[in-house]
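A.B. asks: Take this structure, written in C-alpha cells, and hold onto it; I'll ask about it next.
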Amino acid sequence: MGCDCPLCGARVRGARLCAGCEADVTRSCREPGARCPRCAQRLRQPAPLCAGCLSRPPAYLRAIVAFDYEPPGVALIGQLKTRLRLSLAPVLARLLGAAVAREAPLPADAVLAAVPASRASLRRRGMNPAMEIARSLVTALDLPLRPGALLRLRETPRQAGLGRRERRAALAGVFRGQGVRGRHVALVDDVMTTGSTAEAAARALLAAGALSVTVLAVARTPGRGS
Ligand SMILES: [Zn+2]
Ligand SMILES: [Zn+2]
C-alpha cells in the first residue's frame, strides 16, 4: 500500500516514516547509555541510573520510549493528539515496537494495557491516543490487548507546577487495575512527562496482581526528571 511519510511526504510502503525521518526521529534513543535504563529519562552525564530512580526506584520494571518529545518527533504526536489523525497510531506503534526490539524483549505472555484518558480529553478528542497506539501494538508486538485492565476512578487536577511529592499525592487512587493477576503487563502511553502517571498506573496494576509492569511510551519529555 502506498502512503506518504507523515513528516516529509515522501512515498513509503505502509504506515511508516521514510528511512531518513525515522533515523532523525529516533536518533536520541539509539545512543547507548544516553538514558536511565529504568525510567528512560535522558541522562545529562553517563550514570547507571538517574538520580530520581536511585533515590526512589519506580514501581514499574522499566520504561521504553521511541523518541524524545521534541522536534522532529513531537510533530507526529501533534498529528495524532491535536489533528486527530488516527493513521498516525500504527506509525507510532511501529516506532515503539522497534524500540522494544532494540532495548529488551517483553515476556512472551505479556498483555498490553493503555493509560486511560481523562474524561475531558476523551470528550475533546473522541478517542484515547494511548489506546489507539496500544491497538496498533497488538500487531506490532504480537501481544493481546486488555482494554479494561486499567480504570480511571476519578479525574485529576492539572499536574503542571506541582512538585514530585504533590503529583504523587494527586494521583494516589486515581487508577484501578483488574484482570491482570499473574500477568506481565506492557503499559502503553503516548507521552511520558514526569513519570508520575506511569508510576500511579503501574502501582494500580501491581496491586491487582500483575507480575511486572513495563511502560511503553512513544515519547519522553527530556529534562523534566532528575
Ligand atoms: Zn520522511
Ligand atoms: Zn531513571
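For the sequence shown, the residue numbers in the working numbering are -7 to 218.
Positions of the beta carbon are idealized from the N, C-alpha and C atoms, including for glycine.
#1: Quick check: V183 and T213, are their CB atoms within less than 8 angstroms of each other?
#2: What are the start and end residues of the alpha helix (DSSP H) that includes A109?
#3: Enumerate, from N- to C-terminal direction, the unbroken beta strand (DSSP E) stretches of 3 or more residues contained entirely within the segment 87 to 172.
#4: Within 8 angstroms, do at least three Cβ pairs link the segment 154 to 173 to the segment 133 to 142?
#5: Would you kindly check if the distance between the Cβ of A58 and the Cβ of A106 is under 8 angstroms?
#6: Do the segment 118 to 136 and the segment 157 to 166 meet, that is, are 3 or more Cβ pairs less than 8 angstroms apart?
#7: Between R19, C28 and P108, which has its C-alpha nearest R146's C-alpha?
#8: Would you say the beta carbon of C31 comes nearer than 7 angstroms to a heavy atom of ligand 2?
#9: Quick check: does the Cβ of L(-1) come within less than 7 angstroms of any heavy atom belonging to ligand 1?
#10: Answer yes or no: do L35 and R27 have a C-beta to C-beta separation smaller than 8 angstroms?
#11: Following a CB-centred definition, is L41 positioned closer than 7 angstroms to any heavy atom of ligand 2?
#12: Grab me the residues of R115's own chain with a C-beta within less than 8 angstroms of its C-beta, minus the 5 sequence neighbours each way, in chain order.
#13: Measuring CB to CB, does A80 end up less than 8 angstroms from L87?
#14: Taking only three categories from DSSP, how would you classify G1?
#15: Write down the C-beta distance between V166 and I125 rounded to the nearest angstrom, noting that I regard them as a contact closer than 8 angstroms.
C.D. replies: Once the coordinates are examined:
#1: By 1-based counting over the sequence shown, the position of residue 183 is 191. By 1-based counting over the sequence shown, the position of residue 213 is 221. Yes, Cβ-Cβ distance for V183 and T213 is below 8 angstroms.
#2: What you label residue 109 is simply residue 117 of the sequence shown in a count that begins at 1. That residue, A109, is in no alpha helix (DSSP H); it is neither H nor E in DSSP.
#3: 103 to 106, 142 to 144 and 167 to 169
#4: Three or more pairs of CB atoms, one per stretch, sit closer than 8 angstroms, so the segment 133 to 142 contacts the segment 154 to 173.
#5: Working through the sequence shown from its first residue, we reach residue 106 at position 114. Working through the sequence shown from its first residue, we reach residue 58 at position 66. No, the Cβ-Cβ distance between A106 and A58 is not below 8 angstroms.
#6: no
#7: Translated into positions along the sequence shown, residue 146 becomes position 154. The shortest C-alpha separation from R146 is found at P108.
#8: Taking the sequence shown and counting its residues from 1, the one referred to as residue 31 is at position 39. Because some heavy atom of ligand 2 lies under 7 angstroms away, the Cβ of C31 counts as near it: yes.
#9: Counted from its first residue, the sequence shown places residue -1 at position 7. Flag set: Cβ of L(-1) near ligand 1.
#10: For the purposes of this step, residue 35 is taken as the residue at position 43 of the sequence shown. For the purposes of this step, residue 27 is taken as the residue at position 35 of the sequence shown. Yes, these two residues count as a Cβ contact at 8 angstroms.
#11: One-based indexing of the sequence shown puts residue 41 at position 49. Indeed, a heavy atom of ligand 2 lies less than 7 angstroms from the Cβ.
#12: For the purposes of this step, residue 115 is taken as residue 123 along the sequence shown, with counting starting at 1. Closer than 8 angstroms at Cβ, skipping near neighbours: no residue.
#13: As a first step, residue 80 is located in the sequence shown; it is residue number 88 there, counting from the start. As a first step, residue 87 is located in the sequence shown; it is residue number 95 there, counting from the start. First, the amino acid is wrong: residue 80 is Leu here, not Ala. The answer is no: Cβ separation not under 8 angstroms.
#14: Here the question's residue 1 lines up with position 9 in the sequence shown. In this structure, G1 counts as coil in the three-state DSSP scheme.
#15: Your numbering for residue 166 matches position 174 in the sequence shown. Your numbering for residue 125 matches position 133 in the sequence shown. At roughly 20 angstroms, the Cβ-Cβ gap does not stay under 8 angstroms, so V166 and I125 are not in contact.
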